Amino acid sequence: MLKRFRQLLVALIIVLLAVYIVVTNSQSVTVTIWGTAYSAAAGVVLLAAFAVGVLLTATVGLFFGFIAYLRELRLERRERERLAFYEGMVEARSYLASEEWSRARVAWQKIVRKDPTHTIARIELSRSIQGEGDLHEALRTLDEARAAAPNNVEVLFRAAELNLALNNRTAALDNLALILYHQPNKRAARLARDLSEELGRIEDAFEYQAKIEALGEAEPDTDKIRSRLQFHKLLRDAARDAAGAAAFEAELREFVRKHDSYVPALEKLAALELAAEKNDAAVQLLIKAAKLIGSEAAWHQVSLIWIASKTPDKAIFTAKAAARELHGVGRLHVELELIHLYASFNMIDEAMRSISTFADLAKSEGVAMEGNIERRYLLLKGFCFSLRNENREALLVWKRLCSEEQRSLPSLSRATLGPATSPGPNLSTP
13 MLKRFRQLLV ALIIVLLAVY IVVTNSQSVT VTIWGTAYSA AAGVVLLAAF
63 AVGVLLTATV GLFFGFIAYL RELRLERRER ERLAFYEGMV EARSYLASEE
113 WSRARVAWQK IVRKDPTHTI ARIELSRSIQ GEGDLHEALR TLDEARAAAP
163 NNVEVLFRAA ELNLALNNRT AALDNLALIL YHQPNKRAAR LARDLSEELG
213 RIEDAFEYQA KIEALGEAEP DTDKIRSRLQ FHKLLRDAAR DAAGAAAFEA
263 ELREFVRKHD SYVPALEKLA ALELAAEKND AAVQLLIKAA KLIGSEAAWH
313 QVSLIWIASK TPDKAIFTAK AAARELHGVG RLHVELELIH LYASFNMIDE
363 AMRSISTFAD LAKSEGVAME GNIERRYLLL KGFCFSLRNE NREALLVWKR
413 LCSEEQRSLP SLSRATLGPA TSPGPNLSTP
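First residue of the sequence shown: 13, per the numbering used here; consecutive thereafter.
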């Protein structure tokens, strides 16, 4: 009621104001519009002009308001499409995460149809297709993404990944080179270096390694990587020049002198020394390699050299000298090789003394007697008992060893095997 009263009061004021203007401006005024003259009271002309101005203003405001309304509708539609697109991506990624490749492929294809230029959708579509096992189709899909975004680093990484899966290492290397051109980074440089090394492009590998070092702080294994690359270059050059065996050996010796901790080079030079029947020099190189890598196989190779050369004194002296310098697992490996040497040279009493103290040695070195160490220990122990014709003790060792082996096999329950049945008569002995 009060609101209506206020509205009536406002209307009354406007009418009174209009009447007042007309009354106070009663003189006649002539106005010419487009060649036609109109005469009226000045107050009427003022009110008419005001009304026309209000009408024109309202018309202009309505026009621009309508345009704004249409723009708002477009924005709302785009927002709905954006939300639908986002929800579709979330759904597709959930299928991809759960490895539901077919459903993920369908979901990503819908997204690509909505926006054919969407690079991320094509990348994820290629992952879905790869999950289905069609690597060539995945690469073709990614090529369409590359056409839309040829310099996109993620697309190039994905292309390199697919080419590696297809064993197209040269194509993968080309993609990595493009990445390094557009956005240098360590990951691409590492992959490019390793691929170049695999393809025998050692000079390129050196360049990529230099790029890695230029991109940031030196990595802890930089010296080792450079040694590896130089060694591979040395081997490649030797393979190209088969007649230069003497030159290769001289270069290899120089390499080992400069890189005395690079195990493959030590082993290669040791092989050359063995071929030249320089057993002492070969053993020294192999011992150095064995100390560096702590390999059981390396120590065993040293033992085999001495056994083959039938020089027990040198063999045992070398093994004992190595044992004094080592600790931990390496120390146990050398002790097992020493027992092996004793047994090979028929020094059974010495072998049994080492066997009897082996458990205490492992305890003092802080190494658990398990796995391959325990297995080798039991084998050597049983072998030595057999050499001494202590068959009862040997049998106990063999039983223990068999029980350890059986424990490592997968258990077969009766439920797995099914009900016990007798073998068929066709398997019986006639």
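Just so you know, even glycine gets a beta-carbon here, dropped at the ideal spot from N, CA and C. None of the values given here were measured: they were computed from a predicted structure.
**Asked** Would a C-beta distance cut-off of 9 angstroms place GLU337 and VAL314 closer than the cut-off?
**Response** Taking 9 angstroms as the Cβ cut-off, GLU337 and VAL314 do not qualify as a contacting pair.
**Length-filtered (4 minimum) alpha helix (DSSP H) runs lying within the region 322–385** = Within the region 322–385, the complete alpha helix (DSSP H) runs of at least 4 residues are 324–337, 341–356, 360–368, 370–377.
**Request:** Please say whether HIS194 and ASN175 have beta carbons closer to each other than 9 angstroms?
**Result:** Cβ distance not < 9 angstroms, so ASN175 and HIS194 don't count as in contact.
**Request:** Taking the CB atoms as reference points, tell me whether VAL295 and LYS326 lie closer together than 9 angstroms.
**Result:** In this structure, VAL295 sits near LYS326, with a CB-CB distance shorter than 9 angstroms.
**Asked** For the putative contact between GLU285 and LEU297, defined by C-beta atoms under 8 angstroms, what is the C-beta separation to the nearest angstrom?
**Response** About 7 angstroms; that satisfies the 8 angstroms criterion.
**Prompt:** Do the CB positions of LEU178 and LEU151 come within less than 9 angstroms of each other?
**Reply:** The answer is yes: Cβ separation under 9 angstroms.
**Prompt:** Is the CB-CB distance between ILE360 and CYS414 below 9 angstroms?
**Reply:** The criterion of a C-beta distance shorter than 9 angstroms is not satisfied by ILE360 and CYS414.
**Prompt:** Within this structure, are the beta carbons of CYS171 and ASN197 separated by less than 9 angstroms?
**Reply:** It is worth fixing the name first, because residue 171 is Ala in this sequence and not Cys. No, the Cβ-Cβ distance between ALA171 and ASN197 is not below 9 angstroms.
**Request:** Keeping to the same chain, check which residues put their C-beta closer than 7 angstroms to that of ALA201; ignore five residues upstream and five downstream.
**Result:** Non-local C-beta neighbours of ALA201 in its own chain, meaning closer than 7 angstroms and more than five positions away in sequence, comprise LEU192, TYR220, LYS223, ILE224, LEU227, ordered along the chain.
**Asked** Taking Cβ positions, are ILE385 and LEU344 nearer each other than 9 angstroms?
**Response** In this structure, ILE385 lies near LEU344, with their beta-carbon atoms less than 9 angstroms apart.
**Asked** By a C-beta neighbour count over all protein chains shown, 10 Å radius and 16 as the cutoff for buried, is ARG199 buried or exposed?
**Response** Only exposed fits ARG199, as fewer than 16 other CB atoms lie within 10 angstroms of its CB.
**Message:** Which residues does DSSP list as the beta-bridge partners of SER110?
**Reply:** Residue pairing by DSSP leaves SER110 without any beta bridge partner.
**Prompt:** Taking the Cβ atom as the reference point for each residue, do VAL275 and ALA301 lie within a distance shorter than 9 angstroms?
**Reply:** For VAL275 and ALA301, yes; Cβs fall inside 9 angstroms.
**Item:** Chain-order list of residues whose beta-carbon lies under 7 angstroms from that of SER273 (same chain, five-residue window excluded)
**Value:** Sequence-distant Cβ neighbours of SER273 in its own chain, meaning closer than 7 angstroms and more than five residues away, are LEU304.
**Message:** For LEU29, which residues in the same chain have their Cβ closer than 7 angstroms to its Cβ, ignoring the five residues on either side in sequence?
**Reply:** Closer than 7 angstroms at Cβ, skipping near neighbours: no residue.
**Message:** Helix, strand or coil for GLY228? Go by DSSP, reduced to three states.
**Reply:** Coil, per DSSP.
**Message:** Between the alpha carbons of LEU147 and SER140, how many angstroms are there, rounded?
**Reply:** Within the model, the alpha-carbon separation for LEU147 versus SER140 is close to 10 angstroms.
**Message:** Taking a contact to mean a Cβ-Cβ separation below 9 angstroms, would you say ALA258 touches VAL268 in this structure?
**Reply:** For the 9 angstroms CB-CB criterion, ALA258 and VAL268 do not form a contact.
**Item:** Simplified DSSP assignment, three categories, for PRO162
**Value:** DSSP places PRO162 in coil when its eight states are reduced to three.
**Item:** For HIS130, three-class secondary structure by DSSP
**Value:** Three-state DSSP puts HIS130 in coil, outside helix and strand.
**Request:** Output the distance between the C-alpha atoms of ILE367 and SER398, rounded to the nearest integer angstrom.
**Result:** Spanning the two alpha carbons is a distance of roughly 14 angstroms.
**Message:** I'd like to check one pair, LEU168 with THR153: are the Cβ atoms closer than 9 angstroms?
**Reply:** Taking 9 angstroms as the Cβ cut-off, THR153 and LEU168 do not qualify as a contacting pair.
**Request:** Measure the C-alpha to C-alpha separation of ASP127 and ARG115 and round it to an integer number of angstroms.
**Result:** Roughly 19 angstroms separates the two Cα atoms.
**Prompt:** Given a threshold of 16 other Cβ atoms within 10 Å of its Cβ, counted over all protein chains shown, does LEU424 qualify as buried or as exposed?
**Reply:** Any reading at LEU424 must be qualified, since the residue scores a pLDDT of 40, below 50, and its modelled position is unreliable; no value is offered.
**Item:** Host alpha helix (DSSP H) of ASP292 (start-end)
**Value:** 291–305 is the extent of the alpha helix (DSSP H) around ASP292.
**Prompt:** What does a CB cutoff of less than 7 angstroms around GLY394 pick up in its chain, not counting 5 residues either side in sequence?
**Reply:** Leaving aside the five residues that flank GLY394 on each side, the residues in its chain whose CB is nearer than 7 angstroms to its CB run, in chain order, ALA406, VAL409, TRP410, LEU413.
**Any non-hydrogen atom of the ligand SAM within 8 angstroms of TRP410 CB** = No copy of the ligand SAM occurs in the structure displayed, which carries no ligand at all.
**Prompt:** Buried or exposed: LEU185, going by 16 or more other Cβ atoms within 10 Å of its Cβ?
**Reply:** So LEU185 ends up on the buried side.
**Asked** When burial is assigned at 16 or more other CB atoms within 10 Å of the CB, is LEU421 buried or exposed?
**Response** Unreliable positioning characterises LEU421 in this predicted model, as indicated by a pLDDT of 47, which lies under 50. A coordinate reading is not provided.
**Message:** On a Cα-Cα basis, can you pick out the residue from GLU149, ARG90, LEU87 that is closest to ARG117?
**Reply:** If we check each option's Cα against that of ARG117, GLU149 comes out closest.
**Prompt:** Can you tell me the Cα-Cα spacing of ASP155 and GLY77, whole angstroms?
**Reply:** Rounded to the nearest angstrom, the gap between the Cα atoms of ASP155 and GLY77 is 46 angstroms.
**Item:** Whole-number beta carbon distance between PHE97 and ILE132, since they are thought to touch under 8 angstroms
**Value:** Their Cβ separation, rounded to whole angstroms, is 11 angstroms, which puts ILE132 and PHE97 out of contact at 8 angstroms.
**Message:** Taking 7 angstroms as the limit between beta carbons, can you name the residues of its chain near LEU190, skipping five residues before and five after?
**Reply:** For LEU190, where only same-chain residues beyond five positions count, the Cβ hits under 7 angstroms are LEU168.
**Asked** How is LEU421 classed by DSSP in three states: helix, strand or coil?
**Response** Confidence is the limiting factor: at LEU421 the pLDDT is only 47, short of 50, which leaves the residue's position unreliable and the question unanswerable from this model.
**Message:** Let me confirm a value: TYR107 is counted as buried when at least 16 other C-beta atoms fall within 10 Å, else exposed. Which label applies?
**Reply:** Answer is buried; the Cβ neighbour count reaches 16.
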